[in-house]
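Everything on this sheet refers to the single structure shown next.
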Amino acid sequence: MNAAVPMLHAAPAFDVARIREDFPILRLRVYDRPLVYLDNAASSQMPQQVIDRLVRYQTTQHANIHRAVHYLSETATAEYAKARHKLRNFIHAGEDREVIFTSGTTDAINLVMHGYGRKFIGAGDEIILTTLEHHSNIVPWQMLAEEKGARIRVVPIDDSGELLIEEYEKLFTERTRFVGVSHVSNALGSINPVKQMIAFAHERGVPVLVDGAQAAPHMPIDVVDLDCDFYAFSGHKLCGPTGIGILYGKADFLERMQPFKGGGDMILSVTFEKTTYNTIPHKFEAGTPPIAAAIGFGAAVDYLSAIGMDEIAVHEQELLRYATEQIQVLPGVRVIGNARNKAAVLSFVIDGIHPHDVGTLLNQEGVAVRTGHHCAQPVMQRYGIPATSRASFAFYNSLAEVDALVEGIRRVQQVFA
Amino acid sequence: MMADPKTLYQEVILDHNRKPRNYGVLEHPSHQAEGVNPLCGDHIKVTLAVAGETIARIAFHGESCAICKASASMMTAAVKGRTRAEAEVLTQDFLAMATGKSSLDQLSRIGRLAVFAGVRDLPMRVKCAILPWHTLHAAFHSVASVSTEADADPMQAPIGNA
């Protein structure tokens, strides 16, 4: 009977104020106003716990890994392996060796393109992508298609920003060899039905790569339940350092793939006659990896797991609901992307005001949003707009920050009135 | 340390954005070029009717942010009736101002265009302000289109002294 009672600024079950204390950067002031950081889809901020972990590694544990028998090398090697194990648990993968450290999502997708695509995709073969993809899940496949004479087919979206699943299913032919799909759209926030799409592809023997860059920071990920063949995401969007990410791949796929980069660590033995590659995951980690970043990434998923990915998802949904409600009633403001299933990303356009002007003026209010095409030009083309302003939320954002965004938009409109 | 963007969005800029001068496309231009900023989607076309050495008429058209549109509008007003050589000098002056590298001589010539001086503190917006001038330069030099993401990034490379 209390169902209709508004929950506006309800008592926090999720203690945002407490969580914000972990993030030193959130105390910053911009133009003498409190920073309102709403560009989390581009990169998230780092809690003190992760910063401390990086400092501890660098001050007490650093040496090169897999090299020497001395104390520091053994410590660093063990910590690097531990980080891999944490990432594996975070995505519920079956084995540690299915987690490959990469420099980020882009690097992970390029690894699949070179390691799997160049070996198993040939002339006349078809690769299915979607309109919602970030450029990093389009361009590598275009490069492959050009090299091999393969063809790219694109799943369209409806006006709300949802993939047209019937159209997806119709794209499959005898020549379909691969599917690449984002779990969550970076430009619109749409959560794609990847589990259903993977099952459909697998019935036809087609492997699927999921770009999880915008999903892993915001919801629990279970790669075994999804049954994806590859899953990629970045550390820096998940409270970790830049320069690190992972590619999850099913072990049998990774074993059949060719290495992408050659060098140290990825070999078992080298002579000028023959080189024997190392086992996975090392086969794909040539050279000295970003050890500190990997360990920081491990600390970041520890931090998030301690808060709870389910709890994070619930709080972010509340932020999205409140922000959507507040913004869509502003005259002259249009939200782009209204998928039924959405992550906390709010893309919008304001009548008569270019997103770049919106971004510059919001910045003056201390509000950081992204403006532009969000490296997803096909999405912009679909809506016939050059760019949007995008507010993207993280679990450390508060309802008061949504209010600051809304007030900021009002002020932008006043300047242009 | 940080410039207040309010100083950029002055009434004169907002006015030119609202009511751009010389907005449109000339029918039989002697010179024309298109300019794009792929990062934000700014896209403008500049058409000119040059009689002898004098810019008799000039127009611009396109979709862009307020900074780019106001800059284009004020550019057309500033160079109309001037010689091509004067317009080229003003182009150099404007670029120098937008990137914070003006000499005193240049500052003394810039006049009303000084309202754009604030962009020098907003690196992401410099390209918006200078795109019209780049497009004008391209039109004079018969380059069909320019992009702020071309090899010669206007942020780094000065417009050549032809």
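Sequence order for the protein chains is A and B. Under the numbering used here, the first sequence has 307 at position 287, and the numbering climbs by one with no breaks. Under the numbering used here, the second sequence has -1 at position 1, and the numbering climbs by one with no breaks. Every residue, glycine too, gets a C-beta built ideally from N, C-alpha and C.
Per DSSP, histidine 394(A) lies in no alpha helix (DSSP H) and is assigned neither H nor E. Distance from the Cα of histidine 14(B) is smallest, within the candidate group Ser106(B), His135(B), Arg82(B), Cys66(B), for Cys66(B). Closer than 8 angstroms at the C-beta level to chain B, one finds these residues of the region 345 to 377 of chain A: Ile373, His374, Pro375, His376, Asp377. In the three-state scheme derived from DSSP, where H, G and I count as helix and E and B as strand, aspartate 231(A) is classed as strand. With contacts defined by Cβ atoms closer than 8 angstroms, cysteine 38(B) and alanine 407(A) form a contacting pair. Judged by their CB atoms, leucine 152(A) and serine 367(A) are not nearer to each other than the 8 angstroms cut-off. Residue pairing from DSSP places proline 54(A) in a beta bridge opposite Arg49(A). Phenylalanine 273(A) and asparagine 35(B) have their C-alpha atoms some 41 angstroms from each other. Phenylalanine 317(A) is positioned such that its CB atom lies no closer than 8 angstroms to that of leucine 74(A).
Sixteen is the threshold: since fewer than 16 other Cβ atoms of the shown chains lie within 10 Å of the Cβ of glutamine 8(B), the residue is exposed.
Under DSSP, glutamine 30(B) forms a beta bridge with Thr45(B). DSSP places arginine 224(A) in the coil class of the three-state scheme, outside both helix and strand. Going by DSSP, threonine 150(A) is part of the beta strand (DSSP E) stretching over 146 to 150. Within the region 333 to 386 of chain A, the complete alpha helix (DSSP H) runs of at least 4 residues fall at 375 to 384.
For isoleucine 65(B), the residues of chain A that pass the 9 angstroms Cβ criterion are His374, His376, Asp377, Thr380, in the order they occur in the chain.
Sequence-distant partners of histidine 82(A) (beyond 5 residues in either direction) whose C-beta falls short of 8 angstroms from its own C-beta, in its chain, are Leu92, Ala96, Ile311, Ala312. Where serine 325(A) is concerned, the enclosing alpha helix (DSSP H) starts and stops at 311 to 327.
Alanine 54(B) carries a strand assignment under DSSP once its states are collapsed to helix, strand and coil. In this structure, the beta-carbon distance from phenylalanine 304(A) to phenylalanine 280(A) falls below 8 angstroms. Between glycine 263(A) and serine 156(A), the beta carbon gap of about 15 angstroms keeps them out of contact (Cβ cut-off 8 angstroms). Secondary structure of threonine 95(A) (DSSP, three-state): helix. Between the region 37 to 56 of chain B and the region 393 to 408 of chain A there are three or more C-beta pairs closer than 8 angstroms, enough to call the two in contact.
When Cβ pairs closer than 8 angstroms are counted between the two stretches, the region 238 to 249 of chain A is seen to touch the region 320 to 334 of chain A, the count reaching three or more. With distances taken between CA atoms, histidine 135(B) lies nearest to Ala85(B) out of Lys125(B), Ala112(B), Ala85(B), Ala127(B). For alanine 68(B), the uninterrupted alpha helix (DSSP H) run begins and ends at 64 to 77, by DSSP. With a threshold of 16 other beta carbon atoms within 10 Å, arginine 104(A) meets it and is buried. In this structure, the alpha-carbon of aspartate 377(A) lies about 45 angstroms from that of lysine 270(A). Cβ-Cβ distances below 6 angstroms link valine 56(A) to Gly386, Val387, Glu421, Ala424 in the same chain, with the five nearest sequence neighbours on each side left out; the list follows chain order. Within the region 83 to 109 of chain B, complete alpha helix (DSSP H) segments of at least 4 residues are found at 102 to 108, given in chain order. Neighbours of arginine 118(B) across chain A, judged by C-beta separation under 7 angstroms, do not exist; the nearest C-beta is about 14 angstroms away.
Rounded to whole angstroms, the gap between the alpha carbons of alanine 113(A) and tyrosine 268(A) is 8 angstroms.
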